[in-house]
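In this note's numbering, the protein residues as written are 5 to 356.
What follows is the structure, encoded as structure tokens:
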């Protein structure tokens, strides 16, 4: 009520090296004001705008987007550096603080399972985003090739009428595919945003529980004054309340992941069907063109269509694997969270 409790840990991921250079640049922009009244605020605003631009260049929508990803990445880096930590068990395991410590260890175990699962999700983000962009570009290329094929078929006059029908079908389906991909990309963005938020919430909860463990071990091992013990006991309670809030945030975020995931999966199925249709039309076009004189330009365009379709099939396989991994892993994450909530409810019941 009279302040805040700061929980910190030393940064160690590659983000730290990058952001130190960014920070130098931002300080230089702020220094342009010479700390003169009326100029410093404007300089700070320019630095803020530059920070936003840098983050956009690195693939982040805004500062919150960066913060969420950086937090989880730092947590992962920290745990790899520290490795397994042997847990201290108090001599008197029946005291209230010892029971709280045991419960926090249980929280840590469940959060660890959740963090490991969400780590695998975060590793898929780059693939989801790059595949979405790559596939959209492919669809636009195929659509452009189909329009050029349509023009080429018209140049052939009556001989090209059959080819014109094929090219028209190719243009129609590739155009529909572009629309599907555009919609799917928005669902992917929502999914990515939800995954980063979930990872951030889990990381925050892990830090809070880790800090509570540190305080509890100090309380169990010290012979401090009543005033000091009272203050540290209060800090532990603050952490418990904060952790409960983090657990609530995790619980509220997880269901929001399923909706964009289901939508992305549905659009992926539509896209796979569209690629099959395009492949079939492409084959018909090649057969049709083989019976038409002077259809060399058309055949050349259709060879490029085949190249683009092959690239699309390869990219979609990887994209499909990423979506399937999320589809199978999300229920597991929700199961871990239910177990965490049950443990937390048990703790609150005991406390009451």
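Beta carbons are placed, not taken as given, at the ideal position from N, Cα and C, and that holds for glycine. None of the values given here were measured: they were computed from a predicted structure.
Listed in chain order, the non-local C-beta contacts of residue 255 below 7 Å within the same chain comprise 341 and 345, local neighbours out to five positions each way being set aside. Looking at 152, 119, 183 and 129, the one whose alpha-carbon comes closest to that of residue 141 is 183. Nearest to residue 243 by alpha-carbon distance, out of 269, 252 and 214, is 214. Judged by pairs of C-beta atoms under 8 Å, the segment 152 to 172 touches the segment 298 to 305, as three or more such pairs exist.
Under the three-state reduction of DSSP, residue 225 is assigned to helix. The residue among 48, 251, 102 and 73 with its C-alpha nearest the C-alpha of residue 29 is 48. With a cut-off of 8 Å on Cβ pairs, the segment 130 to 150 is in contact with the segment 308 to 328, counting three or more such pairs.
Going by DSSP, residue 51 is part of the alpha helix (DSSP H) stretching over 44 to 61. Residue 93 sits in coil when the DSSP states are folded into three classes, being neither helix nor strand. Residue range 67 to 86 is occupied by the alpha helix (DSSP H) that includes residue 85.
Residue 85 and residue 211 have their C-alpha atoms roughly 16 Å apart. Ranked by how close their Cα comes to the Cα of residue 217, the residues 110, 289 and 131 have 110 in first place.
Exclusion of the five residues before and after residue 181 leaves 143, 275 and 278 as the residues of its chain whose Cβ lies within less than 7 Å of its Cβ.
Annotation: residue 42 to residue 52 spans about 17 Å, alpha carbon to alpha carbon.
Fewer than three beta-carbon pairs drawn from the segment 247 to 263 and the segment 286 to 293 are found closer than 8 Å, and the two stretches are therefore not classed as touching. Sequence-distant Cβ neighbours of residue 82 in its own chain, meaning closer than 7 Å and more than five residues away, are 13 and 16. Nearest neighbour of residue 155 by Cα position, chosen from 175, 271 and 107, turns out to be 175.
Proximity to residue 327 across 23, 131 and 104 peaks at 131, based on C-alpha coordinates.
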